[in-house]
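Sequential numbering from 1 applies to the first sequence in full-length UniProt numbering.
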Amino acid sequence: MSELRAPNLLAWVDVVVTAPAHSGLGETLTYRCEQALTPGTLVRVPMGRRETLGLVWAVRDHPPEGLQPAQTRPVTAVLDALPPLNARWRELVAFAARYYQRALGEVALAALPPALRDLTPEQLGRRLKKTQPETPTAVSASALAPLSPDQAQALADLQGESRPVLLYGTTGSGKTEVYLRAAQRLLEEDPEAQVLVMVPEINLTPQLEARLRERFAAHALVTLHSGLTPAQRLKHWIAAHLGQARIVLGTRMAIFASLPRLRLIVVDEEHDPSYKSQEGARYSARDLAVYRARLESAHAPCQVLLGSATPSLESWHAAEQGRYRRLAMPSRIGGGALPRLRLVDMNQQPRHTVIAPALLQAMADRAARGEQSLVLLNRRGYAPVLACHDCGWKSDCPHCSAHAVFHKIDRTLRCHHCGHTTRVPRACPECGNLDITPLGRGTEQIEEQLTGLLADARRPDGQPVRVARLDADTTRAKGSLESQLAGMHSGEVDVLVGTQMVAKGHDFRRITLVASLNTDSGLFASDYRAPERLFALLMQAAGRAGRDAAFVAEQGSQVELWVQTWYPQHPLFAALARHDYPAFAAQQLEERASAQMPPYGHQALVRAEARTQPAAQAWLRLAAEAGAGLPGHERLTLYPAVPMAIQRVANVERAQMLIESPSRPALQAFLAAWQPALQALRAHPETHGLIRWAIDVDPLTI
DNA sequence: AGCACGCCGACT
DNA sequence: GTCGGCGTGCTC
Numbered sequence: 001m002s003e004l005r006a007p008n009l010l011a012w013v014d015v016v017v018t019a020p021a022h023s024g025l026g027e028t029l030t031y032r033c034e035q036a037l038t039p040g041t042l043v044r045v046p047m048g049r050r051e052t053l054g055l056v057w058a059v060r061d062h063p064p065e066g067l068q069p070a071q072t073r074p075v076t077a078v079l080d081a082l083p084p085l086n087a088r089w090r091e092l093v094a095f096a097a098r099y100y101q102r103a104l105g106e107v108a109l110a111a112l113p114p115a116l117r118d119l120t121p122e123q124l125g126r127r128l129k130k131t132q133p134e135t136p137t138a139v140s141a142s143a144l145a146p147l148s149p150d151q152a153q154a155l156a157d158l159q160g161e162s163r164p165v166l167l168y169g170t171t172g173s174g175k176t177e178v179y180l181r182a183a184q185r186l187l188e189e190d191p192e193a194q195v196l197v198m199v200p201e202i203n204l205t206p207q208l209e210a211r212l213r214e215r216f217a218a219h220a221l222v223t224l225h226s227g228l229t230p231a232q233r234l235k236h237w238i239a240a241h242l243g244q245a246r247i248v249l250g251t252r253m254a255i256f257a258s259l260p261r262l263r264l265i266v267v268d269e270e271h272d273p274s275y276k277s278q279e280g281a282r283y284s285a286r287d288l289a290v291y292r293a294r295l296e297s298a299h300a301p302c303q304v305l306l307g308s309a310t311p312s313l314e315s316w317h318a319a320e321q322g323r324y325r326r327l328a329m330p331s332r333i334g335g336g337a338l339p340r341l342r343l344v345d346m347n348q349q350p351r352h353t354v355i356a357p358a359l360l361q362a363m364a365d366r367a368a369r370g371e372q373s374l375v376l377l378n379r380r381g382y383a384p385v386l387a388c389h390d391c392g393w394k395s396d397c398p399h400c401s402a403h404a405v406f407h408k409i410d411r412t413l414r415c416h417h418c419g420h421t422t423r424v425p426r427a428c429p430e431c432g433n434l435d436i437t438p439l440g441r442g443t444e445q446i447e448e449q450l451t452g453l454l455a456d457a458r459r460p461d462g463q464p465v466r467v468a469r470l471d472a473d474t475t476r477a478k479g480s481l482e483s484q485l486a487g488m489h490s491g492e493v494d495v496l497v498g499t500q501m502v503a504k505g506h507d508f509r510r511i512t513l514v515a516s517l518n519t520d521s522g523l524f525a526s527d528y529r530a531p532e533r534l535f536a537l538l539m540q541a542a543g544r545a546g547r548d549a550a551f552v553a554e555q556g557s558q559v560e561l562w563v564q565t566w567y568p569q570h571p572l573f574a575a576l577a578r579h580d581y582p583a584f585a586a587q588q589l590e591e592r593a594s595a596q597m598p599p600y601g602h603q604a605l606v607r608a609e610a611r612t613q614p615a616a617q618a619w620l621r622l623a624a625e626a627g628a629g630l631p632g633h634e635r636l637t638l639y640p641a642v643p644m645a646i647q648r649v650a651n652v653e654r655a656q657m658l659i660e661s662p663s664r665p666a667l668q669a670f671l672a673a674w675q676p677a678l679q680a681l682r683a684h685p686e687t688h689g690l691i692r693w694a695i696d697v698d699p700l701t702i
């Protein structure tokens, strides 16, 4: 028998593919290849009876222990028309997978454009040929508006700063212009540098995109968000990866874009919870931005700029400690004043008041002068629930432990958690009573009531006052958000009712009044971050008003934020009245410190979903037992398993368990050691009925 | 995680 | 008769 010898050029590569850590396989699979491949190369490899996209992670000259060379399958194709993903990118992905307790393959492949998955080298080649390399363009040095003293100072201070920068600028202080100038300065200095700009919501990309395109040559900019078609996303990703795109504007997913010459990351509205992913790997794009800038800086300087009028307490704390550099911009452009707070004490109002008469009058007065009002109510639909007064029936969702919301517009009951929709019954399904009534109020109802209550009010042109509504329901169709915003800009609409969607970023020039109707829901929520979110929301909403100082001066109007509350003495309002975020933050941080909560303590949440609540909780109890004695265990607290606030969604029972530690490394060490034990629990008989489980590191809501 | 295979309900 | 629901099992 002749000696079996490998051909000279035979090599092996460890390839990352989408297989979860709990599949029993390692993080990488080893394949055979005929040519030397570098780490970061994209390949196509066989997986069972199909072929899949993989990423070369490591190169080796022998298969791993326990794997016969004959067991390895060959790499099918090499996508070498694309340069390899660089080491910093790979390190970012590896860190995210490790830190957020997910499989490397899941994070790596989710970070790549989905269209890349089913692309042969030939198809890729054709696609690359079509996108001709674009010539780097000079940044237009056209006449720019002069900077405010705050802006000029911030830009000067930004220069050469190696720490993450927290740009703490009040609403209307011109943070965006600072981002633009910082990007411009960098792009002029370094003809190959790339800038990543992130916004919390896809809704906010068009207006920033317009501003960026106006300032920078059009083809140097690409967007990256979930609203793109697969082909667009692939094209934009490739432009970034090849270094052709100089500016990438995107949502949280853009933090994983391949940017070989990344020199600046801007995180706009850094406090926004949307930066924390809520499915799959639950990463914080803001935190990863800080990490990524540090990784890049080991190679070439890369700044990270976090901007907000109400920074997250985490970032604020980091700035207080000097880990971040804080740059403050306290003044509004044009010297406009921030709105005056008008607290409406609901205890002093006539019974069953929905909108205080004085507030109504203030809106009518403004409409009469050609000014606009914004009314904030964080509930879609007409009423959160329908009820029968005779038998106590409520419009509960059959699949969730939540009410189905009454939408009057199409006579439906809709569950906002699972999407289950039914027609509104004509009579109580339990007792036949014809008198079933809506309880509570949503945006539809406020729109209806305001229309009625303002029926006699007139605009300057003598026409009746126009009320419109802006929420997820009215903006579902493509382009409807744009057309609604246009209606607001043109002055067609006098009063706009909406959910928090209306509070974000939009620059309406004629708003002089903002009102919050059901403010208290955020005051006493069980979630310890609720006050922080409420303060940010109210500040942000307030920031929509009086943005055009010249308009306000001309009108001679008072710019106001009206807040309806049953608790006008709440300290949050005292800080809000003074627009005093630092005082609010100091008070919140003091509470957090004494309770050892973030940013002083660190948390992770284990969530279990099962057929029954006992099954979900049993799994969590077993998980806790499996954690006893693991590294880091002595430095952390495992709380008992509890049902989640909404216990059942789409017929799945949910429970969770909180883990706290004063030490982030201890928590991380524990979670890493715990992971295999949790996977092994699958085999446990008591685990029957478990559907899935996941760990949420640094959870935002508990 | 994907994705294929495989086995039971409402329609082109 | 199929299309398609998601349960189970596999992936160097």
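Virtual Cβ for every residue (Gly too), placed ideally from N, Cα, C.
Other residues of its chain near residue i: CB distance less than 8 Å, five sequence neighbours each side excluded
i           : result
residue 213 : 221
residue 319 : 166, 168, 311, 325 and 326
residue 346 : 353, 356, 564, 565 and 566
Endpoints, beta strand (DSSP E) assigned at residue i
i           : result
residue 303 : 303-308
residue 552 : Unbroken run through residue 552 is the alpha helix (DSSP H), 549-555; no beta strand (DSSP E).
residue 331 : Where residue 331 is concerned, there is no enclosing beta strand (DSSP E), given that its DSSP letter is neither H nor E.
residue 535 : Not the beta strand (DSSP E): residue 535 falls in the alpha helix (DSSP H), residues 530-542.
residue 447 : First-last for residue 447: 443-453, but that is the alpha helix (DSSP H), not the beta strand (DSSP E).
residue 659 : 652-661
residue 31  : 29-33
Own chain, CB closer than 6 Å to residue i, minus 5 neighbours either side, in chain order
i           : result
residue 6   : At residue 6, the pLDDT of 46 sits below 50, so the modelled position is not reliable and the matter cannot be decided from this model.
residue 412 : 421
residue 256 : 111
residue 81  : 124, 125 and 128
residue 530 : 522
residue 215 : 180
Cβ-Cβ distance between residue i and residue j below 8 Å
i           : j           : result
residue 178 : residue 336 : no
residue 608 : residue 690 : yes
residue 171 : residue 309 : yes
residue 307 : residue 268 : yes
residue 203 : residue 378 : no
residue 254 : residue 364 : no
residue 45  : residue 16  : no
residue 404 : residue 410 : no
residue 288 : residue 355 : no
residue 84  : residue 39  : yes
residue 438 : residue 382 : yes
residue 557 : residue 369 : yes
Where the alpha helix (DSSP H) through residue i begins and ends
i           : result
residue 429 : Counting along the chain, residue 429 falls outside any alpha helix (DSSP H), and DSSP gives it neither H nor E.
residue 363 : 357-368
residue 632 : Where residue 632 is concerned, there is no enclosing alpha helix (DSSP H), given that its DSSP letter is neither H nor E.
residue 594 : 581-594
residue 99  : 87-99
residue 204 : That residue, residue 204, is in no alpha helix (DSSP H); it is neither H nor E in DSSP.
residue 12  : That residue, residue 12, is in no alpha helix (DSSP H); its beta strand (DSSP E) goes 11-16.
residue 627 : 613-627
residue 689 : Run containing residue 689: none; DSSP gives neither H nor E here.
Identified DSSP bridge partners for residue i
i           : result
residue 314 : BP columns for residue 314 are empty, so no partner.
residue 488 : None, per the DSSP bridge assignment.
residue 121 : DSSP, once it has assigned bridges, lists no residue as partnering residue 121.
residue 250 : 198 and 224
residue 638 : 659
residue 327 : 167
residue 299 : Looking at the DSSP assignment, residue 299 forms no beta bridge with any residue, so it has no partner.
Nonlocal neighbours in the same chain, by C-beta distance under 7 Å from residue i, ignoring five residues either side
i           : result
residue 91  : 295
residue 262 : 194, 196, 296 and 302
residue 630 : 670, 673 and 674
residue 507 : 547
Next on the checklist: Check whether the stretch 99-110 and the stretch 276-290 are in contact - that is, three or more C-beta pairs closer than 8 Å.
Outcome noted: yes
Checklist entry - Would you say the stretch 486-505 touches the stretch 467-474, given that touching needs at least three Cβ pairs under 8 Å? => result yes
Item to check | Touching by the beta-carbon criterion (3+ pairs, under 8 Å), the stretch 613-623 and the stretch 583-597 | outcome: Output reads no: the stretch 583-597 does not touch the stretch 613-623.
Checklist entry - For the stretch 56-71 against the stretch 228-242, are there 3 or more C-beta pairs whose distance is under 8 Å? => result no
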